[in-house]
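J.: Below is a structure I'd like to ask you about.
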Amino acid sequence: MKFGLLGPLHAQIAGETVPLNGPRQAKMLAALLVDANHVVTTERLVAVMWDANAPATAVRQVQDAVSGLRRNLGACGAPGTLISTRRGGYEIHLAQDQLDLLEFDHRRHLAERSTTPAETAAALRHALACWRGRALLDLRSRALETDAARLDELHAATHKRCLAVELELGRHREAVGELTALRREHPYDEQVAEHLMVALYRCGRQGEALRVYEGLRRTLADELGVDPSPPLQALHQRILTADPDLAATPPAGSPTATPPENPAPALSGLAMAMPVRQLPLDVPDFVGRADALAEIARLLDVSGPNRAPVAVVAGGPGVGKSCLVTHAARLASRYFPDGQLYLDLAATSDEPRDPALMLAEALRALSIVGSAIPKGLSERAALYRSLLADRRMLVVLDDAGHADQVLPLLPAADGCAVLITSRTLLTHLPGARHLDLDVLSPAEARELFTGIVGRERIAREPAEADAILACCGNLPLAIRIVSARLTGRPAWSLRVLRERIEDESRRLAELRIGDLSVRASVDLSLRLLPADAVRALSLLGLLGASTLPGWVVGPLLDRSDAEEVLDTLVDASLVRLTATDALGEPRYRLHDLIRTCAVEIAAQLPTADRRDAIVRVLSVWLDLVGRGTDLLPGGLLAAAPGSAPRRSLPDGVVDRLMADPFGWFDTERDNLLGAVQLAVDWGLDETAWELAAGTATYYDHRCLYQDWQHGHRLALDAAEAAGNARGASVLLRNLGQLHIYQDEFDRATRALESSIELCRDGVDKLGEALSVATLSTVSRVQGRDDEALERVEQALAIAVGEGDRHIEAQLSCSIGVMRLMQGRLEAAESWFTGALRLAEELDDEHRVAVVLRRFSRLHDRRGHREEALRCLGRALATFEKLSDERCAAYTLLEIGRVHAGQDDRGLASPALERAAALFHRHGDRQDEATCWQLIGDLEAAAGLPDLARRHHGRAAVLWEAIGEMNRTHAPARPSSP
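All residue numbers for the sequence shown refer to this note's numbering, where the first residue is 352 and numbers rise by one.
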């Protein structure tokens, strides 16, 4: 795939131009490309397509345009995930080499990190080559024109920077033509004029340089009434006087620069063959690693402020440590004129090299032979340090195992530096800086794969190439193996290889060729580990491809002091410390191929041992979910615990994790779904339903409807298959509430009626009360008020009989709502007052806010507008404090109603628009429609018929969608809890 916006808009897949259906689709693609790999909001897309004249159906038309664009791209072979839907907008996912803007930015950043003017100029030239003309030349949109102007300015700045660097390199003759053209495009730009004057002067064209100055002076005076800046005037004067300092000189570090003097020999009487050049051959297809190379170059720069005498590149098996260090050492060779010494310490082999033998090898390389080599380790190390004392040499120590193996090989000279590769962190080395090397980025991985296999072959099957790289996890060793297999089998399609490696159980067997093998590379690391670390790694592999908290190792091993085992795995680069989460806890992850190896090792353990480890970990997740839910604002979704085992972490750890319960749930959101799946996979239906149901309160507050549905469906299938009636009844009840939020009332009714039947069969009184109460919401929303009241009263009687005051408070409030709808204001006030008292006694601030919101309706009916707004203000503050967007939206809707009742459009519309936006984001079509209907009513009353028609139309479309979904008429009342 190739996309371009640095010139006319360009989209090409598999060598074919992607057809775009009209200017709107072209604008849509351009807007996504300008912000590639970032979310582009729907509001931004509306602005791009219509400027300030968006129609009422703009959002729908944007959705249609995205769908059409996806179809056109897919028809040309683009993956279905190319454009993804995100909260509030859309995102296009592209690698660096698939979009000219990304490539341009990458090359500019390389230029910023370059260590020599020549490298900088080359990187800038590559950046400029990405351009085909003015940005977005053929599109008409004010929003896009602003982007195009910004990009064109960036292009001009890059061009000027490039020419300035090339002037430093003495390329003034080549620069004159481009600078002259730039001068015509930017007649007021003094920087361009300055560069052109210098270039002309260095070409011996002093008169022309002076004429450039005079032309600029007249233009500035005639058109702007100003003189050239003092620096430009000074340059003019220097040219007039033929200042010799303006003449071109070769830059430092160039081939013509004077080389540093060779220092005197360190020891008299010892003839030494210098320089030593022992570095292995560089990898010809080395790609990427720009940040790591720049960091190593910074550490090795003898004149730099951040120079380090020892740099350790640590990383897991197959990440390319040796390739990186060899490449970096060659790039840094100019800093070390006395040579580069290379020693393979073979720490991962059957026989790691003894440092005394390594010193003997080094001394021989330094021309010390025979009896001149001392016998003892300390004497050899002393002679080695003495030989290097006045030298500028780079020592490369490959595959180091531990600090004791490395320490004797460290020179003491200031002019020397050491580069070390290791699979373990060598934290005991004095003055060492560590670089933690990870796998390649997706763009780098594709570049390596393409460079070996061939662009034409990749272009024929781009989706298969992406799938192969995904199976390799962007691990360089794995990519080289699959590339070699394809190179050796030119008749194979990429599909053949993809089919052979996509099965995880066969993948490691396929990822080998000759002496290269991913499994063998991992095995080398495993041999160095103690038994408990190998067992921990194998069990970690069973937890899936997730980023995990460190506490999981303890229950896996059934021990409380597992931190040291985890540290061992991290130090061995088999488990990666990826980040620190928002709670301050470290996060860990296994590379996919290491995880596959771990699963193979775990398969050798007895099934009972593996199952017990999984049960222990899930029991901790279940305990934490329960503790976290108890700290969240309450509701009707929390169910009584089942019989699944629970296991607690130490109190101090729990207190730390639960200091911010919402933050903990946010952090572990993916892992909680993974835990449900893990429980289902191991046949733990009781644990599965309790984990799924336990997260429902969190999902409710965060409006995470997709997570809610996914986890509950997984657990429900398992519960029903196992005949677990209690678990199924709870999950069906929660799914019923979810369907209500999504305006799917028929599905809600079926789920809740099934839940009630299961509760009655199992004699679960409280469960029955909760399901009946939830079903009453469907009755109320669909206008069956008597039925709704009957159901709430039935549920309340059960709750009172069972002594559950939380449910009693909520259902008392619901009956107050029913009485208010019947016009029985005194009865409504009695119920609301009782519910508020109960909620306050229970110290349930969320329930207090809900009752206040409901109470406001009564105050408004009585004409007590200020009291209604006071209640709603308190409720809104509580919901915003608790980050409950859904209840905040219902409160804003009520605030809008109160102001609308006073025909106060100025205060009503902003509240209703905020509510509508929140309802839209969370998929609540019915209440969003109610907001637009009220806004339209206010506009009609204000004599604004066009606006009124637009907003009434939006409401009608939403109600029509709800009606089709439920085969009922659109309800006229909100579904808020």
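In this text, a Cβ means the ideal position worked out from N, Cα and C, and glycines have one as well.
Every value quoted in this text rests on a predicted model; they were computed, and no experiment measured them.
Expressed to the nearest angstrom, what Euclidean distance is found between the alpha-carbon atoms of Ala446 and Ala989?
T.: Near 44 angstroms, if we compare the C-alpha coordinates of Ala989 and Ala446.
J.: Which whole runs of the alpha helix (DSSP H) in the segment 862-927 are 4 residues long or more, in chain order?
T.: Qualifying alpha helix (DSSP H) stretches, in chain order: 869-877, 882-892, 904-908 and 914-922.
J.: Classify Tyr939 as helix, strand or coil using the three-state DSSP reduction.
T.: strand
J.: Tell me whether Gly892 is buried or exposed, calling it buried when 16 or more other Cβ atoms sit within 10 Å of its Cβ.
T.: buried
J.: Can you tell me the Cα-Cα spacing of Pro370 and Pro793, whole angstroms?
T.: 27 angstroms
J.: Given a cut-off of 7 angstroms on the beta-carbon distance, is the pair Leu530 and Leu547 in contact?
T.: yes
J.: Could you check whether the segment 914-925 touches the segment 762-776, counting it as contact only if at least three pairs of C-beta atoms, one from each stretch, sit closer than 8 angstroms?
T.: Contact annotation: the segment 914-925 touches the segment 762-776, with at least three C-beta pairs closer than 8 angstroms.
J.: Kindly confirm or deny that the segment 1147-1167 and the segment 1186-1193 touch, where touching means at least three C-beta pairs closer than 8 angstroms.
T.: yes
J.: If we call anything under 7 angstroms between Cβ atoms a contact, is Leu632 one with Ala680?
T.: No. Outside cutoff.
J.: Apply the 10 Å Cβ neighbour rule to Ser435 and answer buried if 16 or more other Cβ atoms are within range, or exposed otherwise.
T.: With fewer than 16 Cβ atoms within 10 Å of its Cβ, Ser435 is classed as exposed.
J.: To the nearest angstrom, how far is it from the Cα of Leu820 to the Cα of Arg851?
T.: Cα-Cα distance, rounded: 13 angstroms.
J.: Return the Cβ separation of Leu928 and Val968 in integer angstroms, given the expectation that the two are a contact with Cβ distance under 8 angstroms.
T.: Contact doesn't hold; Cβ gap of about 19 angstroms is too wide.
J.: Does DSSP classify Leu445 as helix, strand or coil?
T.: Looking at Leu445 - three-state DSSP - the assignment turns out to be coil, as it is neither helix nor strand.
J.: Quick one: complete beta strand (DSSP E) runs, 3+ long, within the segment 626-670?
T.: Listed in chain order, the complete beta strand (DSSP E) runs (minimum 3 residues) inside the segment 626-670 are 661-666.
J.: Does the segment 795-804 come within contact of the segment 632-647, defined as at least 3 CB pairs closer than 8 angstroms?
T.: Contact between the segment 795-804 and the segment 632-647 is present, with at least three C-beta pairs closer than 8 angstroms.
J.: Using beta-carbon positions only, say whether Arg1204 and Glu1245 come within less than 7 angstroms of one another.
T.: yes
J.: Here's a check: name, in chain order, each residue in its chain whose Cβ is nearer than 7 angstroms to the Cβ of Ser1130, leaving out the five neighbours to either side.
T.: Glu1138, Ala1139 and Arg1142
J.: DSSP on Asp1032, reduced to helix/strand/coil?
T.: helix
J.: Drop a sphere of 10 angstroms on the beta-carbon of His587, count the other beta-carbons inside from all chains shown, and report buried for 16 or more, exposed for fewer.
T.: buried
J.: Tell whether a beta-carbon distance below 7 angstroms holds between Leu758 and Val769.
T.: no
J.: Could you name each continuous beta strand (DSSP E) segment of 3 residues or more that falls completely within the segment 399-444, going from the start of the chain to the end?
T.: 434-437 and 440-443
J.: Please name the residue, chosen from Leu1171, Leu644, Glu1231 and Arg1237, that lies closest to Gly1213 on a Cα-to-Cα basis.
T.: Position check: residue 1213 holds Arg in this sequence, whereas Gly was assumed. The option with the nearest alpha carbon to Arg1213 is Leu1171.
J.: Using the beta-carbon count (16 or more within 10 Å), is Pro582 buried or exposed?
T.: Classification of Pro582: exposed, given that the 10 Å Cβ count is below 16.
J.: Please report the distance separating the alpha-carbon of Thr1229 from that of Ala1200.
T.: 6 angstroms
J.: What span of residues does the alpha helix (DSSP H) with Phe1230 cover, start to end?
T.: Arg1216 to Lys1232
J.: Could you tell me the distance, in whole angstroms, from the CA atom of Ala1307 to the CA atom of Asp1094?
T.: Straight across, the Cα-Cα distance linking Ala1307 with Asp1094 is about 15 angstroms.
J.: For the beta strand (DSSP E) that Val769 lies in, which residues bound it at each end?
T.: It spans Ala768 to Ser773 - the beta strand (DSSP E) in which Val769 sits, taken as one unbroken run.
J.: Using a Cβ-Cβ distance under 7 angstroms, would Leu575 count as near chain B?
T.: The structure shown has no chain B; it contains just one protein chain.
J.: Should Thr1237 go down as buried or exposed, given a rule of 16 or more other Cβ atoms within 10 Å for buried?
T.: Per the sequence presented here, residue 1237 reads as Arg, with Thr not at that position. Result: buried.
J.: Who are the near neighbours of Leu875 in its chain, counting only those whose CB is closer than 7 angstroms to its CB and skipping five residues on each side?
T.: Taken in chain order, the residues that qualify are Pro668 and Thr699.
J.: Could you tell me the alpha carbon to alpha carbon distance between His678 and Lys672, rounded to whole angstroms?
T.: Their backbone Cα atoms lie some 10 angstroms apart in a straight line.
J.: If you draw a straight line from the alpha carbon of Gly576 to that of Ser1234, how long is it in whole angstroms?
T.: 58 angstroms
J.: Alpha carbon to alpha carbon, how far is Ala526 from Thr467? Give it in angstroms, no decimals.
T.: 19 angstroms
J.: Which residue or residues does DSSP assign as beta-bridge partners of Asp368?
T.: Looking at the sequence provided, one finds Thr at residue 368 rather than Asp. In the DSSP output, where bridge partners are listed per residue, Thr368 has Gln363.
J.: Tell me the DSSP secondary structure of Ala1120 in three-state form.
T.: helix
J.: Give me whichever residues DSSP pairs with Val391 in a beta bridge.
T.: Tyr441
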